[in-house]
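Trainee: Input: one structure, supplied below.
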Amino acid sequence: MIRAENLTKYYGKTRGVEDISFSVDDGEIFGLIGPDGAGKTSLFRMLTTLLKPDKGKATVGELDVVKDYKKIRKKIGYMPGRFSLYQDLSVEENLAFYARIFNTTIQENYHLVKDIYQQIEPFRKRLAGNLSGGMKQKLALSCALIHSPEYLFLDEPTTGVDAVSRQEFWDMLENLQQKGITIMVSTPYMDEASLCDRVALIQKGSIFNINRPEGIISDFGRDLYALRSRDMFELNKDLKNYKNTHSAFRFGESIHFTAENISGEPESLRNYLIEKGHEDLKLEKTEAGIEDCFMDQMTAK
Amino acid sequence: MKRFWSFVIKEFYHIFRDRKTLLILFGLPVTLILIFGYVIRSEIKDANIAIYDPSKDEITKDISNKLLASDYFNLVENVQNIQEIDDIFKKGVVREIIVFESDFARKLEQNGEASIQLIADASDANTANLVVNYTRAIIFDYMNELNRNNPNPLQILAEPRMVYNEEMKGAYMFVPGTMALILMLVSALMTSISIVREKEMGTMEVLLVSPLKPAQIILGKVTPYVTLSLINAVTIILLGYFVFGVPIHGSVFLLLAECMLFILLALSLGLLISTLTSSQRAAMFISLFSLMLPTILLSGFIFPVENMPEILQWLSVIVPPKYFIIIIKDIMLKGVGMSFVWKETLVLIGMTTIFILLSIRKFKIRLD
């Protein structure tokens, strides 16, 4: 069980996180989703005993992150945002080093990292600095796992990694979950939210929603429309000026739109846009994704 | 313990895989000692000398001509009266006065030996040393020539005498000074940079989260540099001894023990710097400005402390290399033992203790 109660951290006057509370059940994959600068890393550092909270309290496995920091440090695996590898050590040397400082050996816990490490083992003599992003990530994960932690904290493990490796990585996390490891993972990629058991959406230092991924989408209380026309630039401008707009933002090839009065008014909107001279106008209802939840939150006053 | 050694091994990997680090570690000491050695031992050319020759015979004339025929010496004055010597030196033009015995050739023939006194102005100790050595070499050459076909070898004794600074303070200073400089650089600069690098690369986060104790991290970081610094100290002493003939009159064991103490002091300073900064660049600048410059300027390495303005003399009291240089000079050049250098040693031990305690207190078990 990881539990945070009213965690607050300021850096001077800058807000890191403010009044954050949540809990993660044992054996869960808990996602922390939010853009850069939302406070994800601050939160991770407090939970991994690297930062003292200004206010509030947090426990990892019933151990207090401030008082019992030494005990916690034996139970957790931590993969910081930048892959913390020694660039001038080889793949094998990195893993052996992290194993030994936790008083274990690669052989002893090989079964834990086997699936992941096997993929980079052919390159075990290569210096970590010469690995690709995906391989670095696998090595960093192996290093965080080699001492058989009960809790795994992964701070943006998929940032800067290609799409295939990202998919593989999430498969690995599921395997680890089956071994009984509790995983807390942060990511700026909204599409990865659906791969978690539960997610917390974090923005400007505070969490505004915690739910199962499906729950977050069903929480989205408005009708969402995707719009396209020949002149997307004018369309965006006109939507922003429309009297009933709640939010309107570019989403891929179309513009996502929600209206102020919970269920939208497609007919009067269509008329408004045709009046504005838009040609080839397409307007259809669509399913909200995690990103829509974020944009909705950001534009809400 | 296993944890600790794996940390040490890792540090050695870092050191041996980085060419720049290796260059600083091993190239720099050799380069510095050679530069300082040769700059201070620079060639002499047209050194002004005076000759006092009461005998004026074949042999003294031969020797004088041989000296003046080389490019090294330039005759300024023929001294007529031995009383004038002091006045000549006081004018500050003449570096050396060559004083022949009276009846030089006759004594050489009858007794098989005659002597020449080489009086040098040792207020500039290095030049005095050089001038005297060059003169002796030329006289020695001449003697060998005389003796080539002679079954009864003749002896010309050249006796150097230094005036104004008979102890030759300042000569050979470059070995203790360079040693202080290099040990400071290697130990303090390299340690602080290597710790700060972990912070910069983000690996410190993982080390902190691991069960490693702060003392293990610090000792693991420091141990390789202790070893390498000691190797450096030995290299410098050997280079000084074999290349520049700097003597080691005192106990080698005591010398190395004092080096070890100074290395520890420099390392603890490096640690302290690393706890105060979080970028390699800052660590480097702080090391250079707060350690290197005082070592060069205020320790008595190049500029004698006695000649400094009073404020700087006071400031030099807190510059650790000052004590180290005194100790090393005393052991190497004067051959004294612990009973003479215990005060300076105590100062160094005190400083080391303070710096170590401070840096352990300042070492952060967290990121903020």
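Chains as they are written, first to last, in our numbering: chain S, 89 to 389; chain W, 67 to 434. Cβ coordinates follow ideal geometry from the N, Cα and C atoms, glycine included.
Buried or exposed: where does glycine 311 of chain W fall if 16 or more other Cβ atoms within 10 Å of its Cβ makes it buried?
Mentor: Start at 1 with the first residue of the second sequence, and residue 311 of chain W comes out as number 245. Exposed, since its Cβ has fewer than 16 Cβ neighbours within 10 Å.
Trainee: Thinking C-alpha only, which one of S:Pro354, S:Gly377, S:Glu302 is nearest phenylalanine 339 of chain S?
Mentor: As a position in the first sequence, residue 339 of chain S is number 251, starting the count at 1. Considering only alpha carbons, the answer is S:Gly377.
Trainee: List the whole-angstrom C-beta distance separating isoleucine 420 of chain W from glutamine 346 of chain W, where the pair is believed to meet the contact cut-off of C-beta under 8 Å.
Mentor: Within the second sequence, numbered from 1, the residue matching residue 420 of chain W stands at position 354. Within the second sequence, numbered from 1, the residue matching residue 346 of chain W stands at position 280. Actually they do not touch by this definition, with Cβ atoms about 25 Å apart.
Trainee: Which first and last residues belong to the beta strand (DSSP E) in which aspartate 396 of chain W is found?
Mentor: Translated into positions along the second sequence, residue 396 of chain W becomes position 330. Per DSSP, aspartate 396 of chain W belongs to no beta strand (DSSP E) and is neither H nor E.
Trainee: Can you tell me whether asparagine 177 of chain W is helix, strand or coil according to DSSP?
Mentor: Translated into positions along the second sequence, residue 177 of chain W becomes position 111. If DSSP states are grouped into helix, strand and coil, asparagine 177 of chain W belongs with the helices.
Trainee: Against chain W, with Cβ distances strictly below 8 Å, would arginine 300 of chain S count as a contact?
Mentor: Translated into positions along the first sequence, residue 300 of chain S becomes position 212. Arginine 300 of chain S does not count as touching chain W.
Trainee: Measure the Cβ-Cβ separation of methionine 398 of chain W and proline 313 of chain W and say whether it is below 8 Å.
Mentor: Start at 1 with the first residue of the second sequence, and residue 398 of chain W comes out as number 332. Start at 1 with the first residue of the second sequence, and residue 313 of chain W comes out as number 247. Their beta carbons are under 8 Å apart, which means methionine 398 of chain W touches proline 313 of chain W by this criterion.
Trainee: With distances taken Cα to Cα, identify the nearest neighbour of glutamate 244 of chain S among S:Thr102, S:Glu302, S:Ile121, S:Lys101.
Mentor: Against the first sequence, residue 244 of chain S aligns to sequence position 156. For glutamate 244 of chain S, the nearest C-alpha among the options comes from S:Ile121.
Trainee: Take glycine 222 of chain S and list the residues in its own chain whose beta-carbon comes closer than 7 Å to its own, dropping the five residues that flank it on each side.
Mentor: Here residue 222 of chain S refers to the residue found at position 134 of the first sequence. The answer, listed in chain order, is Val249, Asp250, Ser253.
Trainee: Should histidine 315 of chain W be labelled buried (16 or more other beta-carbon atoms within 10 Å of its own) or exposed?
Mentor: The sequence position of residue 315 of chain W within the second sequence is 249, counting from 1. Exposed is the call here.
Trainee: Residues bridged to proline 226 of chain W by DSSP?
Mentor: For this step, residue 226 of chain W is matched to residue 160 along the second sequence. DSSP, once it has assigned bridges, lists W:Leu184 as partnering proline 226 of chain W.
Trainee: Residues of chain W with a CB under 8 Å from the CB of aspartate 176 of chain S: which are they?
Mentor: Here residue 176 of chain S refers to the residue found at position 88 when the first sequence is read from its first residue. Within 8 Å Cβ-Cβ: Tyr79, His80, Arg83, Asp84.
Trainee: Below 8 Å CB to CB, which residues in the same chain sit around lysine 389 of chain S once its five sequence neighbours on both sides are set aside?
Mentor: Numbered from 1 along the first sequence, position 301 holds the residue referred to as residue 389 of chain S. At lysine 389 of chain S, the pLDDT of 44 sits below 50, so the modelled position is not reliable; the number obtained from the coordinates is stated separately. Cβ within range, chain order: n/a, list empty.
Trainee: With a cut-off of 8 Å, does the C-beta of lysine 389 of chain S fall near any C-beta of chain W?
Mentor: Along the first sequence, read from residue 1 onward, the residue named residue 389 of chain S stands at position 301. Any reading at lysine 389 of chain S must be qualified, since the residue scores a pLDDT of 44, below 50, and its modelled position is unreliable; no value is offered.
Trainee: Could you tell me the distance, in whole angstroms, from the CA atom of glutamate 410 of chain W to the CA atom of valine 241 of chain W?
Mentor: Taking the first residue of the second sequence as position 1, residue 410 of chain W is located at position 344. Taking the first residue of the second sequence as position 1, residue 241 of chain W is located at position 175. Between glutamate 410 of chain W and valine 241 of chain W, the C-alpha separation is close to 18 Å.
Trainee: My guess is that alanine 349 of chain W and serine 340 of chain W are in contact by the Cβ rule of under 8 Å, so how many angstroms apart are they, rounded?
Mentor: The residue you call residue 349 of chain W lines up with position 283 of the second sequence. The residue you call residue 340 of chain W lines up with position 274 of the second sequence. Rounded, the Cβ-Cβ distance is 6 Å, consistent with contact.
Trainee: Does any residue of chain S bring its CB to less than 8 Å from the CB of serine 72 of chain W?
Mentor: Within the second sequence, residue 72 of chain W is the residue found at index 6, counting from 1. Answer yes: the Cβ-Cβ gap between serine 72 of chain W and chain S drops below 8 Å somewhere.
Trainee: For a cutoff of 8 Å on Cβ pairs, would you count lysine 76 of chain W as touching chain S?
Mentor: The residue labelled residue 76 of chain W in the question sits at position 10 within the second sequence. It does: the Cβ of lysine 76 of chain W has a partner Cβ on chain S nearer than 8 Å.
Trainee: Report all residues from its chain with a CB closer than 6 Å to the CB of phenylalanine 110 of chain S; omit the five preceding and five following residues, and keep chain order.
Mentor: Here residue 110 of chain S refers to the residue found at position 22 of the first sequence. Ala92, Ala288, Ile298, listed in sequence order.
Trainee: At 4 residues or longer, and completely inside the segment 242-330 of chain W: list those alpha helix (DSSP H) runs for me, N to C.
Mentor: 256-267, 269-275, 280-310, all fully within the segment 242-330 of chain W.
Trainee: Using a Cβ-Cβ distance cut-off of 8 Å, determine whether leucine 278 of chain W contacts chain S.
Mentor: Mapped onto the second sequence, residue 278 of chain W falls at position 212. Yes - at least one Cβ of chain S is within 8 Å of the one on leucine 278 of chain W.
Trainee: Can you tell me whether DSSP reads phenylalanine 241 of chain S as helix, strand or coil?
Mentor: For the purposes of this step, residue 241 of chain S is taken as the residue at position 153 of the first sequence. Three-state result, phenylalanine 241 of chain S: strand.
Trainee: Touch check for the segment 260-271 of chain W and the segment 368-386 of chain W: three-plus C-beta pairs under 8 Å?
Mentor: Taking 8 Å as the limit for Cβ pairs, the verdict is that the segment 368-386 of chain W does not touch the segment 260-271 of chain W.
Trainee: What does leucine 433 of chain W touch in chain S if you count any residue whose Cβ is under 9 Å from its own?
Mentor: To locate residue 433 of chain W, count along the second sequence from 1; it is residue 367. Per Cβ cutoff of 9 Å: Arg133, Leu138, Leu139.
Trainee: Would you identify the three-state DSSP class for arginine 347 of chain W, choosing helix, strand or coil?
Mentor: Within the second sequence, the letter at position 281 stands for residue 347 of chain W. Note: arginine 347 of chain W maps to helix in three-state DSSP.
Trainee: Return the residue from the list W:Leu359, W:Val288, W:Ser344 that minimises the CA-CA distance to serine 334 of chain W.
Mentor: Translated into positions along the second sequence, residue 334 of chain W becomes position 268. The shortest Cα separation from serine 334 of chain W among W:Leu359, W:Val288, W:Ser344 belongs to W:Val288.
Trainee: Since lysine 162 of chain S meets chain W, which of its residues come closer than 7 Å, beta carbon to beta carbon?
Mentor: If you number the first sequence from 1, residue 162 of chain S lands on position 74. In chain order: Pro277.
Trainee: Would you report the Cα separation of histidine 235 of chain S and threonine 192 of chain S, rounded to the nearest angstrom?
Mentor: For the purposes of this step, residue 235 of chain S is taken as residue 147 along the first sequence, with counting starting at 1. For the purposes of this step, residue 192 of chain S is taken as residue 104 along the first sequence, with counting starting at 1. One C-alpha to the other measures close to 6 Å.
Trainee: Can you tell me which residues form a DSSP beta bridge with leucine 95 of chain S?
Mentor: Within the first sequence, numbered from 1, the residue matching residue 95 of chain S stands at position 7. DSSP lists S:Ile108 as partners of leucine 95 of chain S.
Trainee: Between the alpha carbons of glutamate 211 of chain W and asparagine 147 of chain W, how many angstroms are there, rounded?
Mentor: Counting from one through the second sequence, the residue named residue 211 of chain W turns up at place 145. Counting from one through the second sequence, the residue named residue 147 of chain W turns up at place 81. Rounded to the nearest angstrom, the two C-alpha atoms are 30 Å apart.
Trainee: Check this for me: beta carbons of leucine 363 of chain W and phenylalanine 390 of chain W, under 8 Å apart or not?
Mentor: Sequence index remark: in the second sequence, residue 363 of chain W carries index 297 (1-based). Sequence index remark: in the second sequence, residue 390 of chain W carries index 324 (1-based). Their beta carbons are not under 8 Å apart, which means leucine 363 of chain W does not touch phenylalanine 390 of chain W by this criterion.
Trainee: Taking DSSP as the reference, what is the three-state secondary structure of leucine 361 of chain S?
Mentor: Position 273 of the first sequence, counting from 1, holds the residue named residue 361 of chain S. If DSSP states are grouped into helix, strand and coil, leucine 361 of chain S belongs with the helices.
Trainee: Could you list which residues in chain W have their beta carbon closer than 8 Å to that of glutamate 238 of chain S, in chain order?
Mentor: Along the first sequence, read from residue 1 onward, the residue named residue 238 of chain S stands at position 150. Correct list: empty, because the minimum Cβ distance to chain W is about 14 Å.
Trainee: Methionine 417 of chain W by DSSP, collapsed to three states: which one?
Mentor: Reading the second sequence from its first residue, position 351 is the one you call residue 417 of chain W. Note: methionine 417 of chain W maps to helix in three-state DSSP.
Trainee: Have a look at S:Lys158, S:Arg300, S:Leu371, S:Pro141 and flag the residue whose alpha-carbon is nearest the alpha-carbon of histidine 344 of chain S.
Mentor: If you number the first sequence from 1, residue 344 of chain S lands on position 256. Histidine 344 of chain S has its Cα closest to that of S:Leu371, out of S:Lys158, S:Arg300, S:Leu371, S:Pro141.
Trainee: Nearest-angstrom Cα distance between aspartate 176 of chain S and arginine 85 of chain W?
Mentor: To locate residue 176 of chain S, count along the first sequence from 1; it is residue 88. To locate residue 85 of chain W, count along the second sequence from 1; it is residue 19. Taking the straight line from one Cα to the other gives about 11 Å.
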